[in-house]
């Protein structure tokens, strides 16, 4: 039962943390719940489809279809998150005045919210398909299936609980800092996803690879709770290769620079501080 | 003119999609049977990119995963998967089957 609990917990945690962060980043925006719920529905349905067609997908692209698929999903999510950050930097001035008003109805309802659906859906698509395949394997093998299903359910609850804890924990940050905090979190999320996408491309043989630059598996392994949380939040891996680091730093830099140059961030910060 | 561009693009895509198969990398085979890896210890040459062909002889899916190798791939039941690994420095690199961690354990030894 514990193995099922741990596996489902790990997968759900990754999705839950991403969804929590984008929810915090869009709090006060009218109607976002519907977009998230829609994304969840599509993501779960998609996860089941991906699991059903796992073999077909895997066989595409000369046997590396799974890597191509995963990398594509991740790069799409990176694009959505980058767009959110840059959009916020551009329109921060309108947000600043609205945050100070008491009403939750924000004029930024004009902000295209479908990025919420896409990010949520993609997160659940990736993690969900692994869970579906794992659960299918459990039920097919038959022995101890009910204990495994209970473990899976507990893992789902635990992962969701951590996501909710992150959500409310972040909301305790005062409004003047929360924008900066969520922007940084989203930037690191995107950087971590880009690095993970590059890992799949190396796995597929599409990108060159050299030995990992360091090995922290003895100090902070991935199969520990802090390791998992760091992995989900900032894309931590114990033994990264140069290509992964390049993707990570390049993505973070691009989003940061994009926000600064395309947005009017400094003006926004001044208004928030007042 | 437009049709030529489309044909060139399609040819390029189909050529690119076969790049992994065309690479001259040595192939090593791993099997998954009864939720265990065979062989559990796999020796590969250091400093060289290798191609792992992992055959899942079980009926249920398994996820080949390794933190040291930065590899993660789901292999559906009764099918096989291609995973490129390396070039690796000399050393030991553990891997496991995430769906059956108690039994599915192995190591790649690069020398």
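Protein chains in written order, with this note's numbering: chain A, 4 to 277; chain B, 5 to 115. Where a beta carbon is used, it is the ideal one built from N, C-alpha and C, also for glycine.
Drop a sphere of 10 angstroms on the beta-carbon of residue 108 of chain A, count the other beta-carbons inside from all chains shown, and report buried for 16 or more, exposed for fewer.
Numbered from its first residue, the first chain carries residue 108 of chain A at position 105. Bear in mind that the predicted position of residue 108 of chain A carries a pLDDT of just 38, short of 50, making it unreliable; the figure below should be weighed with that in mind. So residue 108 of chain A ends up on the exposed side.
Taking its Cβ as the centre, do 16 or more other Cβ atoms sit within 10 Å of residue 7 of chain B, making it buried, or is it exposed?
Sequence index remark: in the second chain, residue 7 of chain B carries index 3 (1-based). Burial call: exposed.
To which residues does DSSP link residue 83 of chain B through a beta bridge?
Position 79 of the second chain holds residue 83 of chain B. In DSSP, residue 83 of chain B forms a bridge with B/60.
Quick check on this structure: which residue in A/74, A/9, A/14, A/116 has the alpha carbon closest to the alpha carbon of residue 40 of chain A?
The residue given as residue 40 of chain A occupies position 37 in the first chain. Measuring from the Cα of residue 40 of chain A, the nearest candidate turns out to be A/116.
Measure from the alpha carbon of residue 46 of chain A to the alpha carbon of each residue in A/66, A/253, A/119, then state which is nearest.
Within the first chain, the letter at position 43 stands for residue 46 of chain A. The candidate whose alpha carbon is nearest that of residue 46 of chain A is A/119.
If you draw a straight line from the alpha carbon of residue 123 of chain A to that of residue 36 of chain A, how long is it in whole angstroms?
As a first step, residue 123 of chain A is located in the first chain; it is residue number 120 there, counting from the start. As a first step, residue 36 of chain A is located in the first chain; it is residue number 33 there, counting from the start. Residue 123 of chain A and residue 36 of chain A: Cα-Cα distance of roughly 11 Å.
Are any of the Cβ atoms in chain A nearer than 8 Å to that of residue 86 of chain B?
Position 82 of the second chain, counted from the first residue, corresponds to residue 86 of chain B. It does; some Cβ of chain A falls within 8 Å.
Name the residue from B/50, B/10, B/34 whose alpha carbon lies nearest to the alpha carbon of residue 96 of chain B.
For the purposes of this step, residue 96 of chain B is taken as the residue at position 92 of the second chain. Looking at the Cα atoms, B/50 is the closest of the given residues.
What first and last residue would you give for the alpha helix (DSSP H) that runs through residue 98 of chain B?
Looking up residue 98 of chain B in the second chain gives position 94. Unbroken run through residue 98 of chain B is the beta strand (DSSP E), 95–101; no alpha helix (DSSP H).
Taking the Cβ atom as the reference point for each residue, do residue 85 of chain A and residue 252 of chain A lie within a distance shorter than 8 Å?
Within the first chain, numbered from 1, the residue matching residue 85 of chain A stands at position 82. Within the first chain, numbered from 1, the residue matching residue 252 of chain A stands at position 249. In this structure, residue 252 of chain A does not lie closer than 8 Å to residue 85 of chain A by Cβ.
Which same chain residues, not among the five before or five after residue 101 of chain B, have their C-beta less than 6 Å away from its C-beta?
Numbered from 1 along the second chain, position 97 holds the residue referred to as residue 101 of chain B. Once the five neighbours on either side are set aside, the close Cβ partners of residue 101 of chain B are 66, 108.
Start and end of the beta strand (DSSP E) containing residue 33 of chain B?
Counting from one through the second chain, the residue named residue 33 of chain B turns up at place 29. Taken as a continuous stretch (DSSP letters only), the beta strand (DSSP E) holding residue 33 of chain B covers 31–37.
Quick check on DSSP: helix, strand or coil for residue 199 of chain A?
The sequence position of residue 199 of chain A within the first chain is 196, counting from 1. Residue 199 of chain A falls in the helix class under three-state DSSP.
Spell out a yes or no on whether the stretch 138–150 of chain A and the stretch 58–70 of chain A are touching, meaning 3 or more CB-CB pairs, one atom from each, closer than 8 Å.
The answer is no - the stretch 58–70 of chain A does not touch the stretch 138–150 of chain A, with fewer than three Cβ pairs under 8 Å.
In whole angstroms, give me the CA-to-CA distance for residue 55 of chain A and residue 131 of chain A.
For the purposes of this step, residue 55 of chain A is taken as the residue at position 52 of the first chain. For the purposes of this step, residue 131 of chain A is taken as the residue at position 128 of the first chain. Using only the alpha carbons, I get a separation of about 12 Å.
Counting C-beta neighbours from all protein chains within 10 Å, is the total for residue 30 of chain B 16 or more, i.e. buried, or is it exposed?
Locating residue 30 of chain B in the second chain gives position 26, counting from the first residue. Residue 30 of chain B comes out exposed.
Please name the residue or residues paired with residue 110 of chain B in a DSSP beta bridge.
Reading the second chain from its first residue, position 106 is the one you call residue 110 of chain B. Answer by DSSP bridge pairing, in chain order: B/99.
Using the Cα positions of residue 163 of chain A and residue 86 of chain B, report the straight-line distance between them to the nearest angstrom.
Here residue 163 of chain A refers to the residue found at position 160 when the first chain is read from its first residue. Here residue 86 of chain B refers to the residue found at position 82 when the second chain is read from its first residue. Cα-Cα distance, rounded: 34 Å.
Against chain B, which members of the stretch 205–233 of chain A pass a CB distance test of less than 8 Å?
Those residues of the stretch 205–233 of chain A that come within reach of chain B (Cβ to Cβ, closer than 8 Å) are 205, 206, 207, 208, 209, 212, 213, 214, 215, 218, 220, 224, 225, 226.
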